[in-house]
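A.B. asks: Before I ask anything, here is the structure I am working with.
Protein chains: 2
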Amino acid sequence: MNIKEYLKRQAELINEKIKEYIPSGVPEKLFDAMAYSLTAGGKRIRPVLILESARAVGKEDIDDILDIAVASEFIHTYSLIHDDLPAMDDDDLRRGKPTCHKVYGEAIAILAGDGLQSYAFELISKNGSISPEKLIKVINILAHGTGIYGMVGGQAADILHEKENSFDDINFIHTHKTAKFIQSCCQIGAVLSDATCREEEALKNYGLYIGLAFQIWDDILDEIGDEKKLGKKTKKDREKNKLTYPSIYGIEKSKKIAKEYVEKAVNEIKILKNPELLQGLANYIISREV
Amino acid sequence: MNIKEYLKRQAELINEKIKEYIPSGVPEKLFDAMAYSLTAGGKRIRPVLILESARAVGKEDIDDILDIAVASEFIHTYSLIHDDLPAMDDDDLRRGKPTCHKVYGEAIAILAGDGLQSYAFELISKNGSISPEKLIKVINILAHGTGIYGMVGGQAADILHEKENSFDDINFIHTHKTAKFIQSCCQIGAVLSDATCREEEALKNYGLYIGLAFQIWDDILDEIGDEKKLGKKTKKDREKNKLTYPSIYGIEKSKKIAKEYVEKAVNEIKILKNPELLQGLANYIISREV
Chain A
53 MNIKEYLKRQ
63 AELINEKIKE
73 YIPSGVPEKL
83 FDAMAYSLTA
93 GGKRIRPVLI
103 LESARAVGKE
113 DIDDILDIAV
123 ASEFIHTYSL
133 IHDDLPAMDD
143 DDLRRGKPTC
153 HKVYGEAIAI
163 LAGDGLQSYA
173 FELISKNGSI
183 SPEKLIKVIN
193 ILAHGTGIYG
203 MVGGQAADIL
213 HEKENSFDDI
223 NFIHTHKTAK
233 FIQSCCQIGA
243 VLSDATCREE
253 EALKNYGLYI
263 GLAFQIWDDI
273 LDEIGDEKKL
283 GKKTKKDREK
293 NKLTYPSIYG
303 IEKSKKIAKE
313 YVEKAVNEIK
323 ILKNPELLQG
333 LANYIISREV
Chain B
53 MNIKEYLKRQ
63 AELINEKIKE
73 YIPSGVPEKL
83 FDAMAYSLTA
93 GGKRIRPVLI
103 LESARAVGKE
113 DIDDILDIAV
123 ASEFIHTYSL
133 IHDDLPAMDD
143 DDLRRGKPTC
153 HKVYGEAIAI
163 LAGDGLQSYA
173 FELISKNGSI
183 SPEKLIKVIN
193 ILAHGTGIYG
203 MVGGQAADIL
213 HEKENSFDDI
223 NFIHTHKTAK
233 FIQSCCQIGA
243 VLSDATCREE
253 EALKNYGLYI
263 GLAFQIWDDI
273 LDEIGDEKKL
283 GKKTKKDREK
293 NKLTYPSIYG
303 IEKSKKIAKE
313 YVEKAVNEIK
323 ILKNPELLQG
333 LANYIISREV
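One line per chain: the protein sequences are A and B, in this order. Position in the first sequence counted from 1, then plus 52, gives you this note's numbering. Position in the second sequence counted from 1, then plus 52, gives you this note's numbering.
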């Protein structure tokens, strides 16, 4: 089975689990908005990385950490809903469908995002199988990687550059906006699999490198990708005066840098018991169709 | 010392601790926006309730839970920043000062709120003194009480009523928007103080009752309070067609209901070792000046 096929199957597993964990309640519109965005598709890369990182270190049974994997997608979905808001990236389409605020209005979209964030932490705190020591570590890593010192900080830097030209470090933006969250997922997999310090460090480095490659490749797709295949408008970054790798280095040099990150990622995890799938996943990132 | 004086001193202690725990970093504007809203004043009722609930059960040294108390104010501040946004309550003033989005723009205000939420959970996960078992319980209680089954759900119901007249249960709104978070703080104090089941239950009921009294009194203040003393516009609820106790029951009946809740709260915690301060606090809620 090739890696693309494997990732598709893993995404299907995650999709099933997401459906199991989608909360229901009142007011219905709030819960509908969350469910709408949670089931709008996506590669489910973050939950897959949690599961595959745990497996790479040797964890065999992943049933007891599926809720934690799902929680990472709740956080990712909250960030997409908020990023799409008019005051932020102002996007009408996401994965070929109208964005959350287009369907449910801005107020409910803001609250759906807020609620998905708190529910992600609630889900992890309810796990019950994993020890509290590990769950606290997982929460710490996830909150740190997706908060002000990770994703939220990177998103702020990205917006500040776009709106005021006041933040000019492309590496800061990519590292914080994208790579730190992806890195967190790999580290969480390590923690949940009783990794040694060296294994955890290798997975952290792997996560950082593929996170950077992932964002560079996304910038390339935005610049030269096919709108229909991607399910979203392209050339948005250019319109918005965003800092991107292609805007600084051009397409070919950007591709080369992304490939170098992937090579470093692949090397980092050679020491793990079962690195093959994560290595395939790293290579897949820079093979996504343009 | 009267209760008002005591609460003022406790708020000063919390203010000092908030300053200690305010995060710093880049992009500066994001961190400035969080600090701006965190230091904009307020009664600090939620952290005080965590500390006083722990003391009421018998905890003497509260130094090891001050960060958890501060984290509750981070969550409260995130909710205020998001509630004030144009797409939500659209408020320009909060405690006599321009609201976060008025000073830093909407995008940074959204991200400051998101970041305060994740940082609250990060802070708790970093505690280090309290056992992981208890910290996981604290996170579960806080995420539940402030999320889709608590504050966020109540805020959505409130907004949906205002915008579409589609959600008409005042008790649902008050319980979820305000009381569940306050209840969580009392329960967190109990958990951090090794309360018995009966003590924890008493504090949960106390929290629910004072939370409801608090929101009813807030509605009364909005209707007949003095703008200068309150530091915000009054009669906003009426303008916005919000569901409030005064709009349904009138002022006098609303005051009576609030007083009954306070009496119930005071009775609930008679079984605790040191209930006096919490009882005083309950009575203070319905003595706030109109």
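Just so it is clear, CB atoms sit at the ideal spot from N, CA and C, and this is done for glycine as well.
1) Going along the chain, which residues of the segment 236 to 264 of chain B sit with their C-beta nearer than 9 angstroms to a C-beta in chain A?
2) Flag B:N293 as yes if its beta-carbon sits less than 8 angstroms from any beta-carbon of chain A, otherwise no.
3) Does A:I211 come within less than 8 angstroms of chain B when only Cβ atoms are used?
4) Which runs of the alpha helix (DSSP H) at least 4 residues long sit entirely within the segment 116 to 189 of chain B? Give them in chain order.
5) I think B:R98 touches B:E125, with their Cβ atoms under 8 angstroms apart; what is that distance to the nearest whole Å?
6) Between B:D136, B:N293, B:I309 and B:F233, which has its C-alpha nearest B:I193's C-alpha?
7) Under a CB-based cut-off of 8 angstroms, is B:H134 close to chain A?
8) Taking only three categories from DSSP, how would you classify B:V78?
9) Is the Cβ of B:H128 closer than 8 angstroms to any Cβ of chain A?
10) Since B:L137 meets chain A, which of its residues come closer than 7 angstroms, beta carbon to beta carbon?
11) What does the Cβ neighbour count give for B:R290, buried or exposed, with the cut at 16 atoms within 10 Å?
12) Mapping DSSP to helix, strand and coil, what is A:F219?
13) Which stretch, first to last residue, makes up the alpha helix (DSSP H) that contains B:I272?
14) Between which two residues does the alpha helix (DSSP H) carrying B:G332 extend?
15) Find the nearest neighbour of A:M86 within the set A:G148, A:A172, A:A63 and A:D116, judged by alpha-carbon distance.
16) Check the Cβ of A:T198 against every Cβ in chain B and list those closer than 7 angstroms, keeping chain order.
17) Answer with yes or no whether the minimum CB distance from A:I222 to chain B is below 8 angstroms.
18) Which residues in chain A have a C-beta closer than 8 angstroms to the C-beta of B:L90? List them in chain order.
19) Rounded to whole angstroms, what is the Cα-Cα separation between A:E315 and A:G199?
20) I'd like to check one pair, B:A231 with B:G263: are the Cβ atoms closer than 8 angstroms?
21) Give the residues of chain B in contact with A:Y201, contact being defined as C-beta atoms less than 7 angstroms apart.
22) Measuring CA to CA, which of B:L82, B:V109, B:A265 and B:G180 is closest to B:Y297?
23) By Cβ distance, which residues of its chain are closer than 6 angstroms to A:L244, with the 5 residues on each side in sequence left out?
C.D. replies: Taking the definition as stated:
1) none
2) As a first step, residue 293 of chain B must be located in the second sequence, where it is residue number 241. So no, B:N293 is outside the interface.
3) Counting from one through the first sequence, the residue named residue 211 of chain A turns up at place 159. Yes, because at least one Cβ of chain B sits closer than 8 angstroms to the Cβ of A:I211.
4) 118 to 135, 152 to 156 and 158 to 177
5) Numbered from its first residue, the second sequence carries residue 98 of chain B at position 46. Numbered from its first residue, the second sequence carries residue 125 of chain B at position 73. About 6 angstroms separates the two Cβ atoms, so the contact holds.
6) The residue labelled residue 193 of chain B in the question sits at position 141 within the second sequence. The residue with the shortest Cα to Cα distance from B:I193 is B:F233.
7) On the second sequence, residue 134 of chain B is found 82 positions in, with the first residue counted as 1. Chain A, which has a Cβ nearer than 8 angstroms to the Cβ of B:H134, makes this yes.
8) By one-based count along the second sequence, residue 78 of chain B stands at place 26. Residue state, collapsed to three classes: coil.
9) Walking along the second sequence from the start, residue 128 of chain B turns up at place 76. Not one chain A Cβ lies under 8 angstroms of B:H128.
10) Translated into positions along the second sequence, residue 137 of chain B becomes position 85. Neighbours of B:L137 on chain A, chain order: I162.
11) Residue mapping note: residue 290 of chain B aligns to position 238 of the second sequence, counting from 1. So B:R290 counts as exposed.
12) Indexing the first sequence from 1 puts residue 219 of chain A at position 167. Coil.
13) Translated into positions along the second sequence, residue 272 of chain B becomes position 220. Element bounds for B:I272: C249 to I276.
14) Counting from one through the second sequence, the residue named residue 332 of chain B turns up at place 280. It spans E328 to I337 - the alpha helix (DSSP H) in which B:G332 sits, taken as one unbroken run.
15) As a working note, residue 86 of chain A is residue 34 in the first sequence. It is A:A172.
16) Walking along the first sequence from the start, residue 198 of chain A turns up at place 146. By Cβ distance, chain B contributes S170.
17) Numbered from 1 along the first sequence, position 170 holds the residue referred to as residue 222 of chain A. Answer no: the Cβ-Cβ gap between A:I222 and chain B never drops below 8 angstroms.
18) Walking along the second sequence from the start, residue 90 of chain B turns up at place 38. Going along chain A, no residue has its Cβ under 8 angstroms from B:L90, so there is no contact; the nearest lies around 12 angstroms.
19) Within the first sequence, residue 315 of chain A is the residue found at index 263, counting from 1. Within the first sequence, residue 199 of chain A is the residue found at index 147, counting from 1. One C-alpha to the other measures close to 28 angstroms.
20) As a working note, residue 263 of chain B is residue 211 in the second sequence. As a working note, residue 231 of chain B is residue 179 in the second sequence. In contact: B:G263 and B:A231 (Cβ atoms closer than 8 angstroms).
21) Counting from one through the first sequence, the residue named residue 201 of chain A turns up at place 149. Chain B residues near A:Y201: G77.
22) The count along the second sequence starts at 1 and reaches residue 297 of chain B at position 245. Of B:L82, B:V109, B:A265 and B:G180, the residue nearest in Cα terms is B:A265.
23) By 1-based counting over the first sequence, the position of residue 244 of chain A is 192. Closer than 6 angstroms at Cβ, skipping near neighbours: A106 and I117.
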